[in-house]
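Chains as they are written, first to last, in this note's numbering: chain A, 25 to 230; chain B, 25 to 230. Ideal Cβ placement from N, Cα and C applies to all residues, glycine included. Here the structure is a predicted model, which means the values were calculated and not measured.
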């Protein structure tokens, strides 16, 4: 296990915690107090860390994702669904804007399950904009949808459908989290760039 | 305060907590045990809730953002900087990929301060992709940068430079959080759509 710690850059104490929490499968016992770990363990550690650090997931949520990956009855689509559910922060709530979000999804031609938590997040975002006094319709999100669609398609398409091994599934799950974090970071950098050009000084109220 | 609670949909207990935490300015005292609250208070409550719920910010971070908004010496660019810093999760760390991120930013022509936490997030994302065995360069993020730039420009440009009152500043701060949440939600919906088309069943390893 100390070799695994060196290879992964994660402390032995943390690795033991991952083992106890059921996030890391046992190694192959080779001698008393000795176990052998494989590349699969190393990949799993990286998955857990990425979900934790960039996805902000709690241990219980990571356990669900890992469980879905290890369950061979679970289709890749279902694994991604479990990961989505885990990443999502907003619980389902009755939201008057939900019907408008569904209109938008129909307009886009996106087939999305009724239980998708992201529908609620989008409805909540629309509700908040209106609370703030903004007179917007759901179409305000159309340019956002068009911007992310080709990116999402490419991310999801990263795994050839005929070779979806566990390794590929893990990569895809981490990839969606990592590229999501990258997208958010780039958006903030673009904000800073444009804000610097416009608003270095707060103007006097006119 | 009970009228303010009804208008905002936030409980009186929570409003008292906001007051104590310094997130909500005092009302104008009109009689013993009576204070009058204005639209400004209502807007402030919505700001706090949006930062908390959609931005995932802690109270201390919200206090910093609110403080920057209330500080008239603080330019709009600086207020947005404080908000960015508060939203960011990844602290600065020595990351070998940082130089590559800076190359990317130069290539994009984005003027970004050396202390921007999003630089570190992006470097971390690149590092994780490589840890996962992906043979990528920083250019993998170019399509992401191009996708978000026009959106960010429009968001930042939402406030006319000659009329940046406190109300506008608040709207802009909330807007960046809300549109960020909407972008993330739409990306997940697009994932689900494309994943359903491709991966309803996990293929047999070939």
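Contact fails between the stretch 208 to 216 of chain A and the stretch 42 to 50 of chain B, because fewer than three Cβ pairs, one in each stretch, are under 8 Å apart. As a beta-bridge residue in DSSP terms, residue 53 of chain B pairs with B/59.
Using beta-carbon distances, residue 152 of chain B counts as an interface residue toward chain A, with a partner under 8 Å. Of the candidates B/170, B/103 and B/175, the residue whose Cα lies closest to the Cα of residue 195 of chain B is B/103.
Excluding sequence positions up to five before and after residue 83 of chain B, its CB lies within less than 6 Å of the CB of 45, all in the same chain and listed in chain order. Rounded to whole angstroms, the Cβ separation of residue 172 of chain B and residue 207 of chain A is 6 Å, and the two are in contact under 8 Å. Restricted to the stretch 75 to 159 of chain B, the alpha helix (DSSP H) segments that are unbroken, complete and at least 4 residues in length are 83 to 94, 100 to 111, 122 to 132 and 141 to 155, listed in chain order. Going by beta carbons, residue 205 of chain B and residue 145 of chain A fall inside the 8 Å limit. Taking the beta carbon of residue 155 of chain A as reference, the chain B residues within 7 Å of it are 70, listed in sequence order.
Proximity of the stretch 92 to 108 of chain A to the stretch 129 to 136 of chain A falls short of the contact definition, fewer than three beta-carbon pairs being nearer than 8 Å.
Leaving aside the five residues that flank residue 60 of chain B on each side, the residues in its chain whose CB is nearer than 6 Å to its CB run, in chain order, 51, 52 and 54. The three-state secondary structure of residue 202 of chain A, taken from DSSP, is helix. Using a Cβ distance threshold of 8 Å, residue 69 of chain A and residue 74 of chain B do not count as a contacting pair. Inter-residue distance for residue 91 of chain B and residue 148 of chain B is about 30 Å (C-alpha atoms, whole angstroms). Shortest Cα-Cα distance from residue 221 of chain A to any of B/36, B/67 and B/101 involves B/101.
Taken through DSSP and simplified to helix, strand or coil, residue 48 of chain A comes out as coil.
Apart from sequence neighbours up to five positions away, the residues of its chain that approach residue 175 of chain B with a beta-carbon distance below 8 Å are 203 and 207, ordered along the chain. Using a Cβ-Cβ cut-off of 8 Å, residue 215 of chain B counts as an interface residue toward chain A, since at least one Cβ of chain A sits closer than that to its own. Our two residues, residue 28 of chain B and residue 37 of chain B, have alpha carbons roughly 12 Å apart in a direct line. Rounded to the nearest angstrom, the Cβ distance from residue 72 of chain B to residue 86 of chain B is 6 Å, consistent with a contact under 8 Å. Of all residues in the stretch 165 to 177 of chain B, only 165, 167, 168, 169, 171, 172, 173, 174, 175, 176 and 177 place a beta-carbon less than 8 Å from a beta-carbon of chain A. In this structure, the beta-carbon distance from residue 111 of chain B to residue 135 of chain B does not fall below 8 Å. In the DSSP annotation of this structure, the continuous segment of the alpha helix (DSSP H) that includes residue 32 of chain A starts and ends at 26 to 32. Spanning the alpha carbons of residue 197 of chain B and residue 31 of chain B requires a straight line of approximately 22 Å.
Not a single C-beta of chain B is nearer than 8 Å to the C-beta of residue 42 of chain A.
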